[in-house]
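What follows is one structure encoded as structure tokens, with my remarks underneath.
Written out as structure tokens, the structure reads:
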């Protein structure tokens, strides 16, 4: 526990500085680095893809995709690039049929396309109106859900949620996480209103809390399933006591596009 706290205290200031005090392009670099590390974790550290050529191609793709999205590279060019990558992987697979399968290509697409697309939402939210207030939402959604689910499960959890994936998670804890998340986002709305003189959309925040907390738990369970299937405890060791990037940001990763989608439907801050 002491190691976890020390590491959190070391990483948190870096995270806050990047998101709130550095120029906007720094958040794009940050998203690219997170994507590349996460791709390495989900491909190499799980053992799903270890061959140098497909692994290197995947990491480079994950590294560059957030920059391509955020700096306005036209979608047809991005699509053409990934079609070329996909073609190269299929050709590689034809000559390495025993060690490189169709499942490997699926893992690569998850690591080099899905994860970077989700992390790209970081700088997109930051660049929006009230971005420095909105960027709190994916973290608050994921981590408040996790916290309330943990303590509710400890206090009254009796019925297992999905025991073959996560033995400790309970239905009661899951419900507590959903309700606690909605309350937390409503509370954040009060902070925005009375501390920063902004006009929060309370209904929108509660809806985000309800929907986002469900997606957060699905993301957490999904990433746990990948670990269980590949017989690993953590995705990495970059954050001692916490594991890897995907161990710490698995729920946040899945909540990011939810926040983006909600913002596309209605404003959360006026």
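Residue numbers (the numbering used here): 244 to 513. C-beta: ideal position from N, C-alpha, C; glycine also. Here the structure is a predicted model, which is why all the values come from computation and not from measurement.
### Query
For residue 343, which option in 430, 296 and 445 has the closest C-alpha, if you only look at C-alpha atoms?
296
### Message
For residue 282 and residue 358, which I take to be in contact (beta-carbon distance under 8 Å), what is that distance rounded to the nearest angstrom?
### Response
A Cβ-Cβ distance of about 6 Å is found for the pair residue 282 and residue 358, placing them in contact under the 8 Å criterion.
### Query
Residues bridged to residue 482 by DSSP?
486
### Task
Determine, using beta carbons only, whether residue 309 and residue 274 come nearer to each other than 7 Å.
Cβ atoms of residue 309 and residue 274: closer than 7 Å.
### Message
Under DSSP, the alpha helix (DSSP H) around residue 405 begins and ends at which residues?
### Response
From DSSP, residue 405 is part of no alpha helix (DSSP H); its letter is neither H nor E.
### Query
Cα-Cα, which of 371, 425 and 400 is closest to residue 384?
425
### Task
May I have the straight-line CA-CA distance separating residue 304 from residue 504, to the nearest angstrom?
24 Å
### Query
The alpha helix (DSSP H) spanning residue 442 covers which residue range?
Where residue 442 is concerned, there is no enclosing alpha helix (DSSP H), given that its DSSP letter is neither H nor E.
### Message
Checking 7 Å against the spacing of the C-beta atoms, do residue 458 and residue 498 come in under that value?
### Response
yes
### Task
Below 8 Å on the Cβ atoms is my guess for residue 443 versus residue 435; work out the distance and round it to an integer in Å.
5 Å
### Query
So, helix, strand or coil for residue 413, using DSSP?
strand
### Query
Under 7 Å, do residue 423 and residue 387 count as touching if we go by C-beta distance?
yes
### Query
Is the beta carbon of residue 278 sitting closer than 7 Å to the one on residue 362?
yes
### Query
Rounded to a whole number of angstroms, what is the C-alpha to C-alpha distance between residue 256 and residue 264?
11 Å
### Length-filtered (4 minimum) alpha helix (DSSP H) runs lying within the stretch 300 to 327
none
### Task
Please name the residue, chosen from 371, 266, 365 and 259, that lies closest to residue 510 on a Cα-to-Cα basis.
371
### Three-state secondary structure assigned by DSSP to residue 351
helix
### Query
Would DSSP call residue 280 helix, strand or coil?
helix
### Exposed unless 16 or more other CB atoms sit within 10 angstroms - verdict on residue 513
exposed
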